[in-house]
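Taking it in order: structure first as C-alpha cells, then the write-up.
Protein chains: 4
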Amino acid sequence: MKRSFASILLLTVLTFCGAAQNLSITPVRIPDIEGYHTLKCDFHMHTVFSDGDLWPEFRVKEALSEGLDAIAITDHIEYLPKKAWLGSDRNLSVQIARPVATATGLILIPGAEITRSMPPGHLNAIFVQDANALSKETWRDAVAEARKQGAIIFWNHPGWKGQQPDGVARWYDEHTEILGNGTLWGMEVANHTEWYPQVLAWAREKGLGIMGNSDSHEPISFEFSRRGIAHRPMTLVFVKERSAESIREALLAKRTAVYRENEVIGDSLWLKQIFTHSVAITPGEVATTGRKTVPVTAVNSSDLTYRLERVSPTSVLVFPEELTIPAGQSTVFGVRPSADSLSVNGSVTVVYRVKNMIVAPDRSLEVPLTFRVRIDPK
Amino acid sequence: MKRSFASILLLTVLTFCGAAQNLSITPVRIPDIEGYHTLKCDFHMHTVFSDGDLWPEFRVKEALSEGLDAIAITDHIEYLPKKAWLGSDRNLSVQIARPVATATGLILIPGAEITRSMPPGHLNAIFVQDANALSKETWRDAVAEARKQGAIIFWNHPGWKGQQPDGVARWYDEHTEILGNGTLWGMEVANHTEWYPQVLAWAREKGLGIMGNSDSHEPISFEFSRRGIAHRPMTLVFVKERSAESIREALLAKRTAVYRENEVIGDSLWLKQIFTHSVAITPGEVATTGRKTVPVTAVNSSDLTYRLERVSPTSVLVFPEELTIPAGQSTVFGVRPSADSLSVNGSVTVVYRVKNMIVAPDRSLEVPLTFRVRIDPK
Amino acid sequence: MKRSFASILLLTVLTFCGAAQNLSITPVRIPDIEGYHTLKCDFHMHTVFSDGDLWPEFRVKEALSEGLDAIAITDHIEYLPKKAWLGSDRNLSVQIARPVATATGLILIPGAEITRSMPPGHLNAIFVQDANALSKETWRDAVAEARKQGAIIFWNHPGWKGQQPDGVARWYDEHTEILGNGTLWGMEVANHTEWYPQVLAWAREKGLGIMGNSDSHEPISFEFSRRGIAHRPMTLVFVKERSAESIREALLAKRTAVYRENEVIGDSLWLKQIFTHSVAITPGEVATTGRKTVPVTAVNSSDLTYRLERVSPTSVLVFPEELTIPAGQSTVFGVRPSADSLSVNGSVTVVYRVKNMIVAPDRSLEVPLTFRVRIDPK
Amino acid sequence: MKRSFASILLLTVLTFCGAAQNLSITPVRIPDIEGYHTLKCDFHMHTVFSDGDLWPEFRVKEALSEGLDAIAITDHIEYLPKKAWLGSDRNLSVQIARPVATATGLILIPGAEITRSMPPGHLNAIFVQDANALSKETWRDAVAEARKQGAIIFWNHPGWKGQQPDGVARWYDEHTEILGNGTLWGMEVANHTEWYPQVLAWAREKGLGIMGNSDSHEPISFEFSRRGIAHRPMTLVFVKERSAESIREALLAKRTAVYRENEVIGDSLWLKQIFTHSVAITPGEVATTGRKTVPVTAVNSSDLTYRLERVSPTSVLVFPEELTIPAGQSTVFGVRPSADSLSVNGSVTVVYRVKNMIVAPDRSLEVPLTFRVRIDPK
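Protein chains in written order, with the numbering used here: chain A, 290 to 667; chain B, 290 to 667; chain C, 290 to 667; chain D, 290 to 667.
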C-alpha cells in the first residue's frame, strides 16, 4: 500500500480508508432485545501512548471493521514506557482518535487505567474529563479525582495471575471500601482470553455491573484471530439509543452482558431475550399420527452457535436430548410421540439448557419451548 | 454414531437426522428478486445406482444441509457398473429417495442421463416418467422417448475434455438437429469445477436455457469443500412458487442463472436484480462542503463477495476505482468532490462493473449507482 | 464431472482417482516412536451393505485421502435395512473394497459388528474370516464363532446413551463373562464425537486394549469436517512394520492409543514418546547474566496443538506458567533467573503437564524438561 | 492482557512475548535450494514514525510470528504526518526496533523510502547508514546520498495507479538515468496485493533485481489475513548464510525471487530448484503389464499448492492432463500405457507446466519428470 502526498489533506477522515480506499465491516450478529438496542462495546484497550503498539486512530478503524459500536481508549496513567518519544500527556491518545471516530460514527469514550499494585489492582475510569488529573500519588486520590470528573469506575481482570498469583480472584478490604462509598461501578468478568466465574458471583451478590473487554495492546487480529479466537471479548450494552450518553445511562442502570468466544454471560433477563431474538422455531404446532416423527426447524440468525441440552423429561413428545443450532444456520430435528396410541390436543413445553449462555458460575440459562400439540392415534 | 434397532421403524423420515438427531442447514444467501423466488437447484448428480458412491437418500439429506431447494437425481441410463449388486431398474434411485424428500420438503425431480459418445455427448432428461423406457438402441430413440414423456432435455458439460479433447466446446450437426426439432431446452454452462464461456455465447445466440450443476458422484463435501470450494455449482431458478411445477414453468420460460464459486452467470435482467437485492447503499445523498470526504456504506446481505470496478470517469464526485463488498459484510468507502470550489445541487450516477457477475463470455454486469448530491463551496 | 465408458476397464484401480484423475492426501502428522511406526487406523465404519450411505470402495478412497494407514469395514450382522436391494451377503462390502485397497496400499481388515441389545451391547469383530457365519441366534454363539475365526473382539461405544440411558458406561456380568474367558480384547474409549473417561479407567484396571474409531455411516467430511471437527477419531497402533499382520500383533500386545480432536488418550509410555518426537526444544542450555531473559524455542512438527501448564514451582529459573505450542508451528518463550544475584552452573528440570494428553480419567501426561543452566551474577 | 510494572526492566527482550509470555511462529515452508538457504524477507514497511500505525518493535514481533528471516523498516523521508508528536528523526524507527531484533535473531536492515512524484516515483534505499541525511531538496541528491552510504536502491510499486493513472507501469528517462549510472539495483515486481508483469519483463531485459514486499502500514493480519490472503508478499533471497551481510551479497548478485499469494515469480534457475526441493515423486519406476494403471505419489512438503498442466503429448505412457499437489499434502495419480500391447524397457520424460511458478509475463516454469519404464504386454 502506498499513501500519496495528496492524501495528506484528507488524512483526518481518510485514515479509516485502507489501500483500496474502503474498509470492510464484519457485523456482530447479536440481536437487539425488547425495548433496547444491543451495542457491542470494548471499554479497555491501549495505544502507543502507554504500552500498546498501535496508533490511536487505528483503534477506531479496527473497531469499525469488527462491527463494534463503541470503544474506550484507556491508556495507563502510571505506566508510560514510550514517554521518551511521545511525552506524557495522557489525553493525547483520545484526542488523536477523536476526529476519525466523529467522521465514521464510532462512539469513542475517553478513559484511563489507574494502574496500581494489588489491592486494589488496576481500575479503569471511563467518561473521564481530563486523564492527566488522574496522575496522583495515591490510588485513593486518583480514584477520587476520577469520581469527581463523573467517571464510571470498574475493577479490571480481578483474577489475573499477575496480581492474584494463585489465579483465584480475591476480594480485599480496599474493594469493600470503594464499593461502600459508591465509587466502584463493577468489574471485568472477562478480560482478553480469560474469564472469572468467581467475579460473576460477586457481581450478583453485591449488585455490581459486569463487563468483558479486550485489554488489547497489539492488533486484535494478532492477539485473537491468529490464535483461532473469532472475536475479541465485548461488553453488550442495552441502550435506548445509539449514543455515548445512552451508553452511560445503560451502564449506570447495569444493563450489560458479556460476549466472549462462543458464550454470553450475564443476567437471565437479558440472555433469554438474546436467545429468543436469535432463534425462530417453526412450526409452532406439532401435528402427527401414531408415532410418526415431525420435523421442526430452528433458524438461528445470530453469530452464536447455541448448544442446548434437554432438561425436562420426556412427556407425550420425545425431543432430542442435545441440539446444536449453528451460527447463521438452521437445524432440523425430529419430534415424535412417546407412545403408540396417544390422543392429545393441547400444548407441551420442553425446557432446554443453553450451555453457552451463563447466568451464574455453575448455571446456564434455561429456556422453555412451547408447542401446540395434536396427536391422533394411528 | 450408532443406529439402534428401534429406529428402523422411523427410518423413512429419520434418515435425515444425523448422530445428534438433527441436521444443520447452511442457507444459500442469494436473494429473491422482483416477482420471483430464487430457488437453488442442482439438476445433475449420481448415486450408487449408476457410477456414484452414495445411497439416494443421502443425496436428499446432503442437499438439505447445503440449503438447496431442489435436486434431480440423474443416474446414467447406459452405464451401470454396480449392476451385479443393484440390478438395472433405472427408476429405483429416485423411488428410494422420494420418501425422505417428501418428509423434509426438498423438491426431488426424477431424471436420467442419456450417456452417449460425442456427438451428441451426454444429455440429461429431467421430469421423466419412466427412466427404464429411455434405454434404447440409438440416442435418437432415447431422446424421442424422453420428449414423449414430457422431459426437459439439456446438453451436459459441452466443453468436457473427455469428449472435446481440445477442451473447446464444439457444436455438431446433431445439436442443430435437436435444437431445430424443439427437443433441446439448453445446456450446462457450468459443470462440477468447470465453466464454458463459449456455451454462454451459444445460449444467447440460439435462445437456449442455461444451467450450472454439480454432476457429483462422490459426497459434495469431498468433491468441493475439501478442495476449498465453498459450494457446489447451482442453477438459480426464478419461480412463482416453491414447487416442482413452478420450477418446470420457470425452466420452460428460461428464467435461470448459474451460481458457481463466487460468480453468477446469466442474463443481465436477473443479475442486476440479484445485485440490487443483495446490496443496500446508504446514505442515498452525498452532502458535503469544499472537498470534504463523505463516508458511504454498502451493506451486502448475500453470500457473494462483490468485486466492483468503476466504469464511468470522475465527474463532480470522485468514487473509488475498485470496491470489494465482502459476503455478509459491509464496506465503507469515501466519496469526495473532484474540485475545490464546486457548488452542486442535483444527482450523480456512477457506473460500476461487477466483475463476478458475468453476462457474456467477455462482459460483466454494469450497475449504475445514483446519489442525490449537494456540494457547497468551502 | 463425468466418467467415460473407456474408464470402465480400469475401474478397479481408477476408482481411487477422482475427477481430475488424482487424489490428494492430507498426512496425519503424529510421529513414529522408539522402535515402532505409528499407524493411523479406524476399525469401525459402515457402508450401504448395512445402514451406511456409502459404497465400500469409497471408504478406501476416503481413508487414503485423510492419510490413514488401515481401516476395518464393520457392517452390522443383524441390521440390514437395504437388504431388499443389496441382499444379505455380509462379506460383500469387504470383498468389493478389497481390489482398490490392494491397488492403493491401504490396509483393509475384514470386520463385522455383532449388534445386540445391552448387555452386552454392540461388539466389533475384526480379522474375521467369514462374516456370514456370525449370523447366529444368540450373541454368545456369534461371539464364539468370531473367536473361532481368530477375530479380535471389542466392545463398541460402552457409554452410548442409546444403550446406557443415563449416559454413564455400565459394566455388566456379561462383560465379566467375555473378559474372563479371554474373548474380550478391549473397548472403544472414543466413538464418533464422544469419549468415555470411565472406559479408560476400566481398561487400566482390567488390562484391556483401547481404541478410538469413527463408527461412520455417512461421509467423514459430512459427519466431522462440516461441524468443524478437523479429523475423525483414530486408533494409533504402534507396529513393527506396516502390514495387517503387524497390526494384529500390536493389538494383541495392547500397543494402542486414541487420537480424537486435539487429544491423545492412552498409556503414558506411548504418549510421552509422541510428545518428545513431536516437539524439539532449543537451545538445551540456558546461559544468562543477572536476571536477563533468554529466549527458548519449541518446534512442534505434529498436528497436535500442545497445551502445557507448569507443574513444578519456580526454582532458580522462572518458566512460563502456560505454554501453547501450535500444530506445525514453533513457540518462543522467555526464561529468566528468579533472583538478581544468582550464580549457577548445573542443570534444571521443569515439569509441565500436557493438558491434551490424557493418561487417566482425571490425569494428564507430565513431561520433565531438563536444561543445562549457567547463570552469572550481574 | 496486562503488563505489570515489574516487566518494565525486561521490556527490551520481553516485548516480543505476548500475553502468555510466548510467541507462536508459523514457519514459511519454501525449501532451501542447492548451495543456498532460502531466506524469507520483506524490505518495505512503515511504522508510526512515518504514516504507519505500528510501533517499530511490533514490526519485529510480527515478522517473527510469520516466520520471516529479515525485514527492512523503510519509513518515508519526506512524509511525516505524525511529526507533531514524534518529531522528525528518521533513524528512530530502526533504532527502537533494533534491541528486540537482536534479542530474537530477526535480521533488521535499516532503510528509508525516498518518496517523490513520478518520475522517478518512490525509491527504497536499504542498508542505509543515516536516513536523516537522505532528506534533500531534490530526488537526485537524495539518491546520490543513499548511494554514497552504500545503500541498495530499488523502485517501489512501478505500476501503482496512484502514480501511473492508467495502471500500466511506465518507464521514464529518469529510470534510464539511474540505471545507467549504476544506482538502480532493481524493482518491486510485487507490492502489497498487486503484481506487475511488465516489471518482470523489464527486469529480464535490463538485468535488474526483483523483489516482492508488503509496503505494510497497518498490521499484516489486518491488511492480508482478514481479507483471506494467507501471507504477505515476500522477497526470497538465496544466501550462503543467515546474516545481513549475506543478504547484501545475494542481492548484489541478484539471487532473489518473489513469493506472493500462491505464486513464485522469478528466474527459472531458482524456481525449478524450489519445485524439485518441494516435491518428491515415487516410485521413480513405472512397471506394469498390458494397460494396467500404476499409482504414482507426489509428496509436497512446501506451503505452495502446485498447479500443473501437461505440456508434452502422450507417448508410451498416459499422464494426467492436470495435477494439483496441495500444500503440505500428497497427490496420488494414475499412469498407464497408451496402448494394449506395448513392450518397453527404458525411460520416459513427461513435461509439466507449473502454472503458479512464473518466469516471464506470459510464461510459467516447465519441469520435466523422468521415470524408468518397464511395460510387459499382457
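We treat Cβ as the ideally placed atom computed from N, Cα and C, and that holds for glycine.
Keep in mind the model is a prediction, meaning the values are calculated, not measured.
Within 8 Å, strictly: CB atoms of residue i and residue j
{"i": "D/D673", "j": "D/H481", "result": "Since the displayed chain D opens at 290 and closes at 667, residue 673 of chain D lies outside it and no answer follows."}
{"i": "C/V605", "j": "C/V640", "result": "no"}
{"i": "D/S630", "j": "A/R515", "result": "no"}
{"i": "D/W344", "j": "A/D342", "result": "yes"}
{"i": "C/E323", "j": "C/Q487", "result": "no"}
8 Å Cβ cutoff, residue i in contact with chain D
{"i": "C/N480", "result": "no"}
{"i": "A/D692", "result": "Because chain A in this structure spans residues 290 to 667, residue 692 of chain A falls outside the shown range and cannot be described."}
{"i": "A/V349", "result": "no"}
{"i": "B/M290", "result": "Summary for B/M290: the model assigns pLDDT 38, below 50, so the residue's position carries little reliability, and this model does not support an answer."}
{"i": "C/P316", "result": "yes"}
{"i": "C/V656", "result": "no"}
{"i": "C/P666", "result": "no"}
{"i": "A/W491", "result": "no"}
{"i": "A/F511", "result": "yes"}
{"i": "A/P615", "result": "no"}
Cβ of residue i within 8 Å of any chain C Cβ
{"i": "D/F622", "result": "yes"}
{"i": "B/W374", "result": "yes"}
First through last residue of the beta strand (DSSP E) which encompasses residue i
{"i": "A/V605", "result": "Premise fails: A/V605 is in no beta strand (DSSP E) and is neither H nor E."}
{"i": "B/G448", "result": "It is not in any beta strand (DSSP E) - B/G448 carries neither H nor E in the DSSP assignment."}
{"i": "A/L658", "result": "652-665"}
{"i": "B/P399", "result": "396-404"}
{"i": "D/V526", "result": "523-528"}
Neighbour flag for residue i against chain B, beta carbons, 8 Å
{"i": "A/L612", "result": "yes"}
{"i": "A/L299", "result": "Residue placement at A/L299 cannot be trusted, given a pLDDT of 34 that sits under 50; what the coordinates show is reported in the next sentence. Yes, contact with chain B."}
{"i": "D/K450", "result": "yes"}
{"i": "A/Q618", "result": "yes"}
Rounded distance between the beta-carbons of residue j and residue i, thought under 8 Å
{"i": "C/A316", "j": "D/S619", "result": "First, the residue type needs correcting, since residue 316 of chain C is Pro and not Ala in the sequence shown. Contact holds; Cβ gap of about 7 Å."}
{"i": "A/I396", "j": "A/I536", "result": "7 Å"}
{"i": "D/F347", "j": "D/S382", "result": "In fact, because the Cβ distance is near 11 Å, the residues do not count as touching under 8 Å."}
Chain A contact for residue i (CB, 8 Å cutoff)
{"i": "B/T577", "result": "no"}
{"i": "D/L357", "result": "no"}
{"i": "B/S313", "result": "yes"}
{"i": "B/Q562", "result": "no"}
{"i": "D/D592", "result": "no"}
Boundaries (first-last residue) of the alpha helix (DSSP H) holding residue i
{"i": "A/L541", "result": "533-541"}
{"i": "A/E434", "result": "428-437"}
{"i": "D/G469", "result": "462-469"}
{"i": "C/R318", "result": "Per DSSP, C/R318 belongs to no alpha helix (DSSP H) and is neither H nor E."}
Should the region 522-530 of chain C be called in touch with the region 326-345 of chain C, which here means at least 3 C-beta pairs below 8 Å?
At 8 Å Cβ cutoff, the stretches touch.
Count the CB pairs spanning the region 417-424 of chain A and the region 465-472 of chain A that are closer than 8 Å, and state whether there are at least three.
No, the region 417-424 of chain A does not touch the region 465-472 of chain A.
Report yes or no: do the region 575-583 of chain B and the region 554-566 of chain B share at least 3 C-beta pairs separated by less than 8 Å?
Touching, no.
Do three or more CB pairs link the region 445-452 of chain A to the region 483-490 of chain A at distances below 8 Å?
The region 445-452 of chain A is in contact with the region 483-490 of chain A.
Is there contact here, the region 409-416 of chain A with the region 355-370 of chain A, by at least three beta-carbon pairs under 8 Å?
The region 409-416 of chain A is in contact with the region 355-370 of chain A.
Using 8 Å as the cut-off, can you tell me whether the region 609-627 of chain C makes contact with the region 586-600 of chain C, which would need three or more C-beta pairs spanning the two stretches below that distance?
Verdict: yes, contact present.
If we count Cβ pairs, one from each stretch, closer than 8 Å, do we get three or more for the region 494-502 of chain B versus the region 539-549 of chain B?
These segments touch.
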